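Enquirer: Chains as they are written, first to last, in the numbering used here: chain X, 2 to 97; chain F, 51 to 464. Idealized CB from N, CA, C, for every residue including glycine. Computed from a predicted model, the values in this text were never measured in an experiment.
1) Can you look up residue 268 of chain F in the DSSP assignment and give me helix, strand or coil?
2) Do the region 53-63 of chain F and the region 24-36 of chain X touch if we need at least three Cβ pairs shorter than 8 Å?
3) Nearest-angstrom Cα distance between residue 97 of chain X and residue 187 of chain F?
4) Are the C-beta of residue 56 of chain X and some C-beta of chain F separated by less than 8 Å?
5) Terminal residues of the continuous beta strand (DSSP E) containing residue 206 of chain F?
6) I need the boundaries of the alpha helix (DSSP H) containing residue 239 of chain F, first residue and last residue.
7) Flag this pair as yes or no: are the beta carbons of residue 126 of chain F and residue 149 of chain F separated by less than 8 Å?
8) Suppose contacts are defined by Cβ-Cβ distances below 8 Å. Is residue 420 of chain F in contact with residue 405 of chain F by that definition?
9) Which residue comes first and which comes last in the beta strand (DSSP E) that contains residue 315 of chain F?
10) Which value, in whole angstroms, describes the spacing of the CA atoms of residue 58 of chain F and residue 387 of chain F?
11) What do you get for residue 347 of chain F, buried or exposed, if any count of 16 or more other CB atoms within 10 angstroms of its CB means buried?
12) Determine which residues of the region 353-376 of chain F have a Cβ less than 9 Å from any Cβ of chain X, and write them out in chain order.
13) Determine the DSSP secondary structure at residue 285 of chain F, reduced to helix, strand or coil.
14) With a cut-off of 8 Å, does the C-beta of residue 7 of chain X fall near any C-beta of chain F?
15) Determine, for residue 46 of chain X, whether the minimum Cβ-Cβ distance to residues of chain F falls below 8 Å.
16) Compute the Euclidean distance between the alpha carbons of residue 206 of chain F and residue 236 of chain F, then round it to the nearest angstrom.
17) Taking Cβ positions only, does residue 179 of chain F come closer than 8 Å to chain X?
18) For residue 98 of chain F, write down the residues that DSSP places opposite it in a beta bridge.
19) Could you give the distance in angstroms between the alpha-carbon of residue 160 of chain F and the alpha-carbon of residue 116 of chain F?
20) Counting only Cβ pairs nearer than 8 Å, list the residues of chain X close to residue 78 of chain F.
21) Short of 7 Å Cβ to Cβ, which residues in the region 314-345 of chain F face chain X?
22) Just verifying my parser: in three-state terms, what is the DSSP assignment at residue 84 of chain X?
23) How would you list, in chain order, the residues of chain X whose beta-carbon sits under 9 Å from the beta-carbon of residue 61 of chain F?
24) Between the region 135-148 of chain F and the region 292-310 of chain F, can you find at least three pairs of beta-carbon atoms closer than 8 Å?
25) Alpha carbon to alpha carbon, how far is residue 85 of chain X from residue 91 of chain X? Give it in angstroms, no decimals.
26) Name the residue from X:88, X:87 and X:71 whose alpha carbon lies nearest to the alpha carbon of residue 28 of chain X.
27) Determine the direct distance from the alpha carbon of residue 201 of chain F to that of residue 241 of chain F, and round the result to whole angstroms.
28) Cutting at 7 Å between CB atoms, please list the residues of its own chain near residue 260 of chain F, excluding the five before and the five after it.
29) For residue 446 of chain F, count neighbouring Cβ atoms within 10 angstroms of its own Cβ and tell me buried if that reaches 16, exposed if not.
30) Helix or strand or just coil, what does DSSP make of residue 91 of chain X?
31) Report the option in F:296, F:308 and F:359 whose CA atom is closest to the CA atom of residue 327 of chain F.
32) For chain X, check one thing: does any of its Cβ atoms lie closer than 8 Å to the Cβ of residue 263 of chain F?
33) State yes or no: is the beta carbon of residue 75 of chain F nearer than 8 Å to at least one beta carbon in chain X?
34) For residue 449 of chain F, does the count of other Cβ atoms within 10 angstroms reach 16, so buried, or fall short, so exposed?
35) Can you give the beta carbon distance from residue 285 of chain F to residue 423 of chain F, rounded, assuming they're within the 8 Å contact cut?
36) Can you give the Cα-Cα distance for residue 199 of chain F and residue 329 of chain F, rounded to whole angstroms?
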């Protein structure tokens, strides 16, 4: 179960500059844990102290915002694409 | 001088220096201005404020500039109108309209945020400023950039009302129309700010810019005799204003300028662009972006930057949120014009119509003090009411024809 994760510029210091990485997992939660395992320091950037996705980070699974699916429990399957996108104060418009 | 300690992340609290930054590099939360309130409390009194000119800068210790205002020194201190006629129609006891449709120099509350942002842009040494706009902000940036001697770029959706476009172009600025809605324009402006290093007031100067909105709240309290009203109804686009009114009230309490406040903040949107009211009514703080479809273009923002925080301001205050259709907002514009003689734009129509709705629903009690926020001028959005008004009769310059007209009118009444 391998998915492709798109990494935003500010987090590429953790992926040695890679803008896309392959990660294993069955849910978004797995993906976050495995990102941390592979790229140490990633989780605290993506998640708050309660382990939830930070408010100004958007996770898109195949272009759909995971907040409108099952959040961290959203299942992922082989070949899916995930994008991690900082919200940058309204700078993003998934609706368009 | 100045009482700004720096910036800090609203989410994770990480401190940043007083620079043109707007996003936390660690958690991507928005940055906000961090003031030395103890220092402010030592100097800022009612008496000092009252001794100053009737502009928004009478509260300058609470604005994020280091020196005197260099742009827009005459902005603000607009009328707080006791709206007795409208109160009678709505069946309430104590109603006011805070009327920024006559703000200086471009007839909307955006003059406040722009004078703050451009004063700050000059302090930072910028030569070029700009904005993403649904109209009013573009008017304000273009006009005040002329005063400031700054070059300006105004980026807007291609289909704005004529009054908003003319009211920008007239200042000799650079207008770029974008095929798309405000949310597309805003995203583009984020990229432009990065590439060109300009001060885009509502993007990279956003922490400073937004602070100007607080003066709308300060003025309401001062004009009510140094007290906060029980209800304020506020239009919401990006959602910033309602959060800044909340902040203004909290600051005045903290500084002892008013005794206490139990103000309920109510948010107003057009039904065709209502991601924030939808969240409040659905009792969630997750904002689902929408594609706006409403004639209230000045507040047609589908992905509101301060959506989450505006929901929080409403909930914490014990207020509510409602939205109204385009027909209802037009009725709102007419109602305000025909009771108080104030011609507001579409966003003001939304606010009046939502206030009416909340009173009818019992969310706002009849016997409590209410302020309706009118933030823009009707002459800029004439398209909204063009075909909704009576068609005047045309006569020859003859008294007989006029008399005949009057008799017809009398007959119609009886």
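Expert: Result, derived from the coordinates:
1) helix
2) no
3) Residue placement at residue 97 of chain X is flagged as unreliable, the pLDDT there being 30, under the threshold of 50; the coordinate-derived value follows with that caveat. If you take the alpha carbons of residue 97 of chain X and residue 187 of chain F, they lie about 22 Å apart.
4) yes
5) 201-207
6) 232-246
7) no
8) yes
9) 314-320
10) 43 Å
11) buried
12) 353, 354, 355, 356, 357 and 358
13) strand
14) no
15) yes
16) 9 Å
17) no
18) According to DSSP, residue 98 of chain F bridges with nothing at all.
19) 21 Å
20) 11, 55, 57, 58, 87, 88 and 89
21) 336, 338, 339, 340 and 341
22) strand
23) 49, 55, 56 and 57
24) no
25) With a pLDDT of only 40 at residue 91 of chain X, under 50, the local geometry of the prediction cannot be trusted, and no value is derived from it.
26) X:71
27) 19 Å
28) 163, 290 and 294
29) exposed
30) Caution applies to residue 91 of chain X, whose pLDDT of 40 falls short of 50 and renders its modelled position unreliable; the value that the coordinates give is listed next. It is coil, neither helix nor strand.
31) F:359
32) no
33) yes
34) exposed
35) 6 Å
36) 42 Å
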